[in-house]
Amino acid sequence: MLFARSGRINAVLLASVLFVGFVSASPVEDLAETISEPELAALARFGGSIAIGDGVIFISEPTDFRNPGMVHIYERSEDGAWNHQSHITGPEARVGDRFGQSIAVLGSILFVADYANADGAVQMYRPGDSGEYDHLGTLRGATSAGGQGFGSSIATGGDYVWIGAPGSNRSAGMVYVYRIMDDGDVVVPDDVLHGDDAGARFGSSVAASNQMVAIGSPGFNAGVGSVDIFTIDSNGWQISGSVEKDSTSGRSGFGSVLNLYGNQVVAGIPRASGMFGGVELLSQNMAGEWVVEETISSPDTTNRGMFGALATVVDGEIWISAPMANARSGAMYRFVNDGSGWAVNESVDDVQVSPGDFYGAAATVAANLAVVSAPGDDYGLGSTYVFELTDDSWVQTAFLFREFETVDVPDGEQIDCADGMAGEFDCNEIDLVSYIPNEDIGMNRGVRLNDVWGWTDPETGKEYALIGHMEAMVILDVSDASNPVYLGTLPRTDGSP
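Once you know that position 474 of the sequence shown is 477 in this note's numbering, the rest is easy, because the numbers rise by one and skip nothing.
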């Protein structure tokens with residue numbers, strides 16, 4: 004609600020006014036038909052990427068309306084609850100830096116992709132004596148040509164860290180190999196692996212152990228895709244073999260999603276079969292050639308869910324997601340091998356997800372702990388589900404999300420616009436008269452405004468603001484603009500979009 008006074012404009016500011024006109028209701032959903040699997044995770048707010056350390060869960064939030072990208076750190080308390088301890092931002096933090104687009108852990112060291120500069124970088128952190136995470140240093144690619152995408156993928160295994168730069172060398176792609184020594188005190192460049200074909204985007208995905216690494220090139224052969232497998236010997240990392248799809252396979256997403264299961268490579272093909280998707284297991288045959296040994300198809304034959312957009316492995320199981328399933332609500336499945344092949348053990352979707360949540364867009368499983376994100380939850384703010392293995396069953400034990408921010412605005416005191424700021428808020432000749440948090444007027448997390456109307460009662464002279472938002476209309480008495488009064492909410496008609 005706006006009021007003209009003394010040649011200036013004063014404003015009653017609701018928390019969600021900041022978001023009007025900048026984004027659609029679901030930015031992930033808007034691009035879902037054409038988005039690539041890595042981009043799907045990168046567009047997420049809370050839950051963009053996930054890593055599990057020793058008693059620690061790391062959850063990234065690479066994009067935000069007002070804040071730089073950040074990585075949230077959760078630690079388990081004595082009562083078993085997962086509590087938010089702190090968050091990390093980049094050394095050159097700024098809004099839009101996509102800090103945390105990809106993250107990985109090796110021992111006590113956290114690796115975080117950072118795009119504050121166009122070249123990309125990977126920042127390294129480790130917990131210090133005070134419990135806060137100390138910045139250890141920065142890893143960068145060898146060239147300064149913008150758009151190389153250094154940090155698009157990060158994988159760890161043994162003492163090694165692999166960092167993909169798929170945009171390098173006319174998008175032929177490169178993967179940088181580092182060796183971590185002396186408990187992380189020394190990071191040594193070990194090797195650089197190069198893609199051979201322009202546009203192949205070698206390094207878009209990487210999966211690694213201490214003896215083997217698989218590297219995806221989803222752009223190979225005009226987007227048909229390929230996977231290269233390397234093993235280590237006394238002379239360093241050597242090519243073991245490749246699986247290259249032919250043109251009849253179409254743009255299946257082969258090479259965009261990788262993991263390792265023992266000596267096999269798990270490769271998602273989320274765009275195969277008209278977006279129904281699938282997962283292929285690659286193995287060496289008796290002749291030493293890498294071939295597709297087995298294909299896991301989506302259990303859901305009615306939803307084009309992009310099954311295989313994510314595949315993660317733990318203790319004889321493969322967890323596979325279909326984030327586009329059920330009107331983009333998403334789904335996650337557990338597969339086990341009973342000796343005759345891979346079969347669904349159970350779905351991990353006994354959770355309250357809604358259309359547009361994209362449940363399963365990011366996930367990590369380690370031992371008896373699993374964390375699965377729903378980056379579209381709460382209108383794109385994102386959330387994550389924590390599961391723990393109890394008596395041979397996976398049980399949800401926590402639901403994590405970033406809480407509403409507390410804004411320090413003095414009650415009843417006007418804050419004048421000066422130098423483009425009114426307190427914490429940007430302004431342009433608009434003074435801040437009062438502030439109402441979303442939760443004080445019954446607005447749910449992530450809800451944004453879409454319109455504001457004013458009305459003056461001709462009989463009483465009282466002034467009212469009608470605040471339209473994504474779920475309802477709020478009615479405020481703003482006769483005293485410095486102390487607006489919430490009168491109630493008029494909900495949407497049942498069944499309205």
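Ideal placement from N, C-alpha and C gives every residue a C-beta, glycine not left out.
In this text the structure is predicted, and so the values were computed from the model without any measurement.
- T66 is not bridged by DSSP to any residue.
- Assignment of beta-bridge partners to G103 by DSSP yields no partner.
- With respect to the C-alpha of S357, the residue from M327, L479, I439, N348 having the closest C-alpha is M327.
- Non-local beta-carbon contacts of S171 in its own chain, meaning distances under 7 Å to residues more than five positions away in sequence, involve G144, T146, Q151, M177 in chain order.
- When only Cα atoms are considered, A124 and A211 end up about 20 Å apart.
- Secondary structure note for S220: its beta strand (DSSP E) is the uninterrupted segment 215-220.
- The residue among S376, S350, N348, N431 with its C-alpha nearest the C-alpha of I60 is S376.
- The closest CA to that of G131, considering only E462, Q287, L435, S89, is found on S89.
- Judged by beta-carbon spacing, Y181 lies beyond the 8 Å limit of A168, meaning their Cβ atoms are not closer than that value.
- Here the region 265-276 lies against the region 306-314, with 3 or more beta-carbon pairs under 8 Å apart.
- According to DSSP, residue pairing for Q126 in a beta bridge involves V115, T141.
- DSSP places M289 outside both helix and strand once states are collapsed to three, so it counts as coil.
- Beyond the five residues adjoining it in sequence on each side, A425 comes within less than 8 Å, by CB distance, of I418, D419, I433, D434, L435 in the same chain, given in chain order.
- Nearest in C-alpha terms to V410, of all of Y438, T400, T387, is Y438.
- Considered as a whole, the region 355-429 harbours 366-369, 372-377, 386-393, 396-403 as its complete beta strand (DSSP E) runs of no fewer than 3 residues, in chain order.
- The beta carbon of E292 lies closer than 7 Å to those of G244 in the same chain, with the five residues before and after it left out.
- It is roughly 12 Å from the alpha-carbon of L403 to the alpha-carbon of I53.
- About 5 Å separates the beta carbons of E391 and T400, which is inside the 8 Å limit, making them a contact pair.
- The alpha-carbon separation between V450 and A290 amounts to approximately 58 Å.
- For a cut-off of 8 Å, the C-beta gap from F338 to A330 is around 24 Å, too long to register as a contact.
- In the displayed model, I470 falls within a strand according to three-state DSSP.
- Rounded to whole angstroms, the separation of the alpha carbons of W165 and G256 is 21 Å.
- Note on L384: 16 or more other CB atoms within 10 angstroms of its CB, so buried under the neighbour-count rule.
- Rounded to whole angstroms, the gap between the alpha carbons of D443 and V488 is 10 Å.
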